[in-house]
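Residue numbers (the UniProt record's numbering): 1 to 420.
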């Protein structure tokens, strides 16, 4: 993306990989940065980044205009940081208040991302529907939000560098929406072959609620009459989190207008992934139709998760949890594991993992295909922390059910917290 790439001709030195052992202060700082509304407002205070008013974008599109550079934006089109502080931006529902949206799209040409206004017209359709539900929107749109070349002075160039360093925040933060404009103008390299959009898509999928990432490039949205229809049509789902090594491997096949951006994006992903995963206390990856391949990626990221206490994987297509069970055997933080409504048959590995798990309190394995709980039952006696267990709607025998009930009571478990 040229609006960012032009500043990367002299990229910052690559950040050293963050240490494996992080302090509680580090974790709290990262948790605030990617989870609290205040961090979004703080990123606007210096003026290096500005958010565009959705209402202004809609009017500009309706008038047939094209996007102006940040330094050419009219004042009435940008949110004042103080003005946003008075609005409610911390919302996971696209209703009322002033949701913050980060636009992920492809630049059509090096000088201008959308010289013919074609992508702005596609955005207009979405804005019309969403502004029926919201007071307004605050949109991060790089060409309008960050100062662009040619800079008017050194201050603008410096501000651009600062804004670029914070660019990951708008796509990663748990309280921002991400709109992926995946339909590109004719002759433009496709969205899924571009480096910056790939980065934006990957960081948006780390900890954000899945329904807060919309693919607004899908065909047929013009027929939607209200926002709820649009959301149902455009909810994009997401792939599994990628450890930095795998991200870099995929990135090597993506296109950048400025090749210097390749190393910049690699380092920015490493920083973002490390900070986000280290500080996350819960990961919600439910109802995403994930199977064996995605589970492999989930297990790969667990060593990066220094503060993870709750992992939700219910409602997928998971069949094999042996790799996950092995990883959990050395985990001393996880309190909740939800794997209900999958296709799991063998949980003997979980039984062995329970022996060494010192924090697990809630385990949900209901509505799977579990037919043998013998190993699990025998291991249960050696675990002292599990307080709630859901195994109903499986296919093990009545004799095994009774054996588990006896083992649960013998270890002092509350019968009302055992669901068989």
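Glycine included, each C-beta is placed from N, C-alpha and C at the ideal position. It should be emphasised that the depicted structure is a prediction, and the values quoted were computed from it without experimental measurement.
- Contact between the segment 205-222 and the segment 132-144 is absent: fewer than three C-beta pairs spanning the two stretches fall below 8 Å.
- No residue range can be given for residue 69, since it is assigned to no beta strand (DSSP E) and is classified by DSSP as neither H nor E.
- Around residue 218, the same chain offers 233 and 234 as residues with beta carbons nearer than 7 Å, after the five sequence neighbours per side are excluded.
- Annotation: the continuous alpha helix (DSSP H) that includes residue 60 extends over 54-62.
- With a 10 Å radius around the Cβ and a threshold of 16 neighbouring Cβ atoms, residue 24 comes out exposed.
- When secondary structure is reduced to three states using DSSP, residue 178 falls in the strand class.
- In this structure, DSSP gives residue 124 a helical state, which the three-state scheme calls helix.
- The DSSP-derived three-state label of residue 385 is coil.
- Counted as a single uninterrupted DSSP element, the stretch harbouring residue 25 is not any beta strand (DSSP E) but the alpha helix (DSSP H) occupying residues 24-35.
- A direct Cα-Cα distance of roughly 54 Å separates residue 126 from residue 398.
- Contact between residue 295 and residue 324 holds: CB atoms are separated by about 6 Å, below the 8 Å threshold.
- When the five nearest sequence neighbours on each side are left out, the beta carbons in the same chain lying within less than 8 Å of the beta carbon of residue 85 are those of 41, in order along the chain.
- With a cutoff of 9 Å on beta-carbon distance, residue 51 and residue 79 are scored as near each other.
- Taken in chain order, the complete alpha helix (DSSP H) segments of 4 or more residues contained in the segment 149-228 are 154-165, 167-172 and 195-204.
- Approximately 6 Å separates the beta-carbon atoms of residue 289 and residue 317; this is inside 8 Å, confirming the contact.
- By the Cβ test, the segment 251-266 is in contact with the segment 194-201, since at least three Cβ pairs between them sit closer than 8 Å.
- In the DSSP annotation of this structure, the continuous segment of the beta strand (DSSP E) that includes residue 282 starts and ends at 282-284.
- Distance from the CA of residue 327 to the CA of residue 277, rounded to the nearest whole angstrom, comes to 16 Å.
- Cβ-Cβ separation between residue 329 and residue 356: approximately 5 Å, consistent with a contact (criterion under 8 Å).
- Fully contained in the segment 289-339 are the following alpha helix (DSSP H) runs of length 4 or more, in chain order: 292-301 and 322-328.
- For residue 364, the enclosing beta strand (DSSP E) stretches over residues 362-364.
- Here the alpha carbon of residue 182 sits roughly 31 Å from the alpha carbon of residue 305.
- Under the three-state reduction of DSSP, residue 355 is assigned to helix.
- Note on geometry: alpha-carbon atoms of residue 237 and residue 352 lie some 33 Å from one another.
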